[in-house]
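Chemist: 328 is the number that full-length UniProt numbering gives to position 328 of the sequence shown; each next residue is one higher, with no gaps.
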Amino acid sequence: MTTVSPLPDELTVPLTEPSPFPPFRATAQPVAHDRWERLITTVTVPADLDAVWTALADPGRIGLWLARTGESWAREGERSMLDFRDGEFFWCHTDEVRPPGPDGHTATLSYRWRWVGVGPATRVTWQLTAMGAATTVTVTEISSNGPSDWRSWNGTGWPGILDQLSDHVQTGRDVRWTWRRMGPYVQTELPLPAYEAWAALTAVPALQYWTGRTSGSLNVDDPMAFVIGDASGSCVLTVTEHLEAGQRFPSYLPSLNFRLDRGGWPDHLSGHLWIEPAHLGGSLLQVFHYGWEMFGSTETAPHDRTLLTRFWASAFDRLGTLIRRASAPPDMPDGIPG
């Protein structure tokens, strides 16, 4: 006969308190992913402060060296648009306007703007300082969680803008280019991590909603037709390279290259669609085009460029709405508490 010894008392009592001997490895989790960047650009214009301020703050003058705008430009607390005449624009909200005062030595204009109305907002501050018969113009732009190439893109753009301001003030001429051979470049913030957002936006059911797809897909060599706008006909987007996550150094993020064809075009337009992380739990989707030289000097290019910009801005807006609805808890439609 075998006798079974009873268990010690300490092994028969259920464990109701935390163990004094925790597991070796804890589970770490990120709590914030943020990046702030600043660009400061300066130029000294051989003109007095009042002349430079007028060129900056007068709605009729700024269109001669930067972009067309309306009467609400540079009015504190009001919104306005800086229109680049080729479909792309900045949507602006003016926060501070300080014209030259009685001392005549300084002036300030500060606003926030969004590229094409759907991109991440940045803050821009113009500071004008009288230096004898000349005026020093300093522009500061601050970005939070912007595109990874923001410093190279905007950093090389500001010197050209300030040079145009200086040229216009000295000559009074229209020094603004009419349209650009590259672009449109459109960005939008999405409330999902990059990999999840990419999987959601490239799925065929989602494509039907946010791109207006009528056939095809974003698979390589599977032409995807979509309507570019009411009464504007269709385009065909053909992916030439589709990179999924983990396929290419250094970012290992997904992206695709494509060609765009439209009836009446002499050749195709090239494009790139890509995504990258923004803040924690968010991502930034971007699209860029190049190859407008195929049109030569015809008026078709600026017109179709405008159509394409409007299409992407509207498509990205629909995509943001779709993703917010899909990711919102059942009791919080679109992620907004009731």
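Even glycine gets a Cβ: it sits at the ideal position worked out from N, Cα and C.
These numbers were taken from a predicted model, which means no experiment stands behind them.
1. Measure the C-alpha to C-alpha separation of ALA206 and ALA130 and round it to an integer number of angstroms.
2. In this structure, does DSSP put GLY320 in helix, strand or coil?
3. Measure the CB-CB distance between TRP91 and LEU109 and report whether it falls below 9 Å.
4. Going by other Cβ atoms of all chains shown within 10 Å of its Cβ, with 16 needed for buried, is TYR185 buried or exposed?
5. Would LEU273 count as contacting chain B if we go by Cβ distances under 9 Å?
6. If you draw a straight line from the C-alpha of PRO59 to the C-alpha of GLY87, how long is it?
7. Taking DSSP as the reference, what is the three-state secondary structure of GLY183?
8. Per DSSP, what kind of secondary structure is ASN257 in: helix, strand or coil?
9. On the three-pair Cβ rule with 8 Å, is the stretch 28-48 touching the stretch 132-144?
10. Can you tell me whether ASP83 is helix, strand or coil according to DSSP?
11. Can you tell me whether VAL52 is helix, strand or coil according to DSSP?
12. If you drop the 5 nearest sequence neighbours on each side, which residues of the same chain put their C-beta closer than 6 Å to that of TRP113?
13. Do you know offhand how far LEU284's Cα is from GLU196's?
14. Short of 7 Å in beta carbon distance, which residues of its chain neighbour THR41, apart from the five on each side in sequence? Order them along the chain.
15. Contact between the stretch 269-288 and the stretch 244-257 is defined here as three or more beta-carbon pairs at a separation below 8 Å; is this criterion met?
16. Is the beta carbon of THR240 sitting closer than 9 Å to the one on ASP261?
17. May I ask you to report which of helix, strand or coil DSSP gives GLY335?
18. When the Cα atoms are used, what is the spatial distance from THR238 to ALA57?
19. Hey, quick one: how far does the beta strand (DSSP E) through VAL227 stretch, first residue to last?
20. Hey, quick one: how far does the alpha helix (DSSP H) through TYR252 stretch, first residue to last?
21. Does DSSP put TRP177 in a helix, in a strand, or in coil?
Modeler: So, from the data block:
1. 55 Å
2. helix
3. no
4. buried
5. No chain B is part of this structure, which consists of one protein chain only.
6. 19 Å
7. Note: GLY183 maps to strand in three-state DSSP.
8. strand
9. yes
10. strand
11. helix
12. The answer, listed in chain order, is PHE90 and CYS92.
13. 12 Å
14. VAL139, TRP158, PRO159 and LEU162
15. yes
16. Taking the C-beta atoms as reference points, ASP261 is found no nearer than 9 Å to THR240.
17. A caution first: GLY335 carries a pLDDT of 41, below 50, which makes its placement in the model too unreliable to give a value.
18. 44 Å
19. 224-227
20. Unbroken run through TYR252: none, as it is neither H nor E.
21. coil
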